[in-house]
Amino acid sequence: MDGGIGLPVRCVHTPVKTRWRMRGAVASEKLRNIYAALARRYDVQHRLLTFASDARGRRLVVAKTVQAGDTVLDAGAGTGATGIAAAVTAGPSGHVTLFDFSEDMLDVARRKAQASKLGGRLDFVTGDMLSLPFADAHFDVVLSTYSICPLFDPEKGTMELYRVLKPGGLLGVAHSVSPDGRLMHRLAERLEDAIWHFPGISMGCRAVSVLPALERAGAELVFTRRLGVPLYPFLVFVIRKPDL
2 MDGGIGLPVR
12 CVHTPVKTRW
22 RMRGAVASEK
32 LRNIYAALAR
42 RYDVQHRLLT
52 FASDARGRRL
62 VVAKTVQAGD
72 TVLDAGAGTG
82 ATGIAAAVTA
92 GPSGHVTLFD
102 FSEDMLDVAR
112 RKAQASKLGG
122 RLDFVTGDML
132 SLPFADAHFD
142 VVLSTYSICP
152 LFDPEKGTME
162 LYRVLKPGGL
172 LGVAHSVSPD
182 GRLMHRLAER
192 LEDAIWHFPG
202 ISMGCRAVSV
212 LPALERAGAE
222 LVFTRRLGVP
232 LYPFLVFVIR
242 KPDL
């Protein structure tokens, strides 16, 4: 495991000095239709829209959390980029569950897994991130890369991820956040207002804030980094669930 995860870091939040609002979510059925239409081109479109910083976020999340032999949940796995990378790191003794609400996205992930010859290390489950069909404390590692942003209730979805994480386990997340600075913040809001009318471009994603909810639940922050471009930043963080 990367040495950067070993010690907890003090969490310091610096709020943007302007009024921040979280945009309302796209209706779930509409969102499912959007991702069904996007499935085959999702990887290319997301990479272009994020100037390839999405891939950096995925690599960081996996590198800072997954070890050989881990049982891993990739929640909101989409086309499988994060989950397949996790399966490679977890190795033959590990196992990764790719979970998503879109069967079309998971079909792309299945084809990637077959091409990578990792099929035996992966399984695929369809469902709702706001009500995960897994027992409490089930996984060594839980991952969510860019899948919290479109949720109707991001905090509830995040606490579901925390629920299924074993005590002592690691939760790695990457999600959109509001830009720093008044000017960037205003520009980002105007851009978001414009692209929100084109859900095939926005993909239902908006800036969210979920780390405070995890900290209130007792999670220990062990890694955090901001990525992306000034108008479209991401927060990558890893928390550890306290041992019983």
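Going by the numbering used here, the first residue of the sequence shown is number 2, and it counts up by one from there.
We treat Cβ as the ideally placed atom computed from N, Cα and C, and that holds for glycine.
**Item:** Which residues DSSP lists as bridging R226, in chain order
**Value:** Residue mapping note: residue 226 aligns to position 225 of the sequence shown, counting from 1. Paired residue(s): V237.
**Message:** With DSSP as the reference, identify every bridge partner of S148, one or two as the case may be.
**Reply:** Sequence index remark: in the sequence shown, residue 148 carries index 147 (1-based). In DSSP, S148 forms no bridge with anything.
**Request:** Please confirm if the stretch 56-64 is in contact with the stretch 131-138, defined as three or more CB-CB distances below 8 Å between the two stretches.
**Result:** Contact fails between the stretch 56-64 and the stretch 131-138, because fewer than three Cβ pairs, one in each stretch, are under 8 Å apart.
**Asked** What is the rounded straight-line gap between the Cα of V237 and the Cα of R59?
**Response** Numbered from 1 along the sequence shown, position 236 holds the residue referred to as residue 237. Numbered from 1 along the sequence shown, position 58 holds the residue referred to as residue 59. When rounded, the distance between both Cα atoms is 9 Å.
**Item:** Reduced DSSP secondary structure (H/G/I, E/B, other) of D55
**Value:** In the sequence shown, residue 55 corresponds to position 54, counting from 1. Reduced to three states, the DSSP call for D55 is helix.
**Where the alpha helix (DSSP H) containing G158 begins and where it ends** = The residue labelled residue 158 in the question sits at position 157 within the sequence shown. Run containing G158: P155 to R164, per the alpha helix (DSSP H) assignment.
**Item:** Reduced DSSP category for W21 - H, G, I as helix; E, B as strand; rest coil
**Value:** Sequence index remark: in the sequence shown, residue 21 carries index 20 (1-based). Residue confidence is low: W21 scores 42 on pLDDT, short of 50, so the model does not pin down where it sits. Its coordinate-derived value is still stated next. Three-state result, W21: coil.
**Message:** Below 8 Å on the Cβ atoms is my contact criterion, and I expect F1 with L144 to pass it. Report the Cβ-Cβ distance as a whole number of Å.
**Reply:** Residue 1 cannot be examined here, being either before or after the span of the chain that is shown, 2 to 245.
**Message:** Between which residues of its own chain and T146 is the CB-CB distance below 7 Å, once the five residues before and five after are set aside?
**Reply:** Locating residue 146 in the sequence shown gives position 145, where the first residue counts as 1. For T146, where only same-chain residues beyond five positions count, the Cβ hits under 7 Å are G58, R59, V62, T83 and A175.
**Asked** By a C-beta neighbour count over all protein chains shown, 10 Å radius and 16 as the cutoff for buried, is P234 buried or exposed?
**Response** Here residue 234 corresponds to residue number 233 of the sequence shown, with the count starting at 1. Result: buried.
**Item:** Own chain residues within Cβ distance below 8 Å of C150, not counting five before or after
**Value:** As a working mapping, residue 150 is identified with position 149 in the sequence shown. Taken in chain order, the residues that qualify are H176, S177, G205, C206, R207, A208 and V209.
**Item:** Under the three-state DSSP convention, the category S117 falls into
**Value:** Numbered from its first residue, the sequence shown carries residue 117 at position 116. Three-state DSSP puts S117 in a helix.
**Asked** What's the C-alpha gap between K242 and L152?
**Response** As a working note, residue 242 is residue 241 in the sequence shown. As a working note, residue 152 is residue 151 in the sequence shown. Rounded to whole angstroms, the separation of the alpha carbons of L152 and K242 is 22 Å.
**Request:** Please classify G84: does DSSP put it in a helix, a strand, or coil?
**Result:** In the sequence shown, counting from the first residue as 1, residue 84 sits at position 83. Helix at G84.
**Request:** Could you tell me whether the stretch 35-49 touches the stretch 157-175, where touching means 3 or more Cβ pairs closer than 8 Å?
**Result:** By the criterion of at least three beta-carbon pairs nearer than 8 Å, the stretch 35-49 is not in contact with the stretch 157-175.
**Request:** For A64, name the three-state secondary structure that DSSP assigns.
**Result:** The residue labelled residue 64 in the question sits at position 63 within the sequence shown. A64 falls in the helix class under three-state DSSP.
**Asked** In this structure, what does DSSP give as the bridge partners for H139?
**Response** Counting from one through the sequence shown, the residue named residue 139 turns up at place 138. According to DSSP, H139 bridges with nothing at all.
**Message:** Does R122 pass the burial test, meaning 16 or more other C-beta atoms within 10 Å, or should it be called exposed?
**Reply:** Here residue 122 corresponds to residue number 121 of the sequence shown, with the count starting at 1. It counts as buried.
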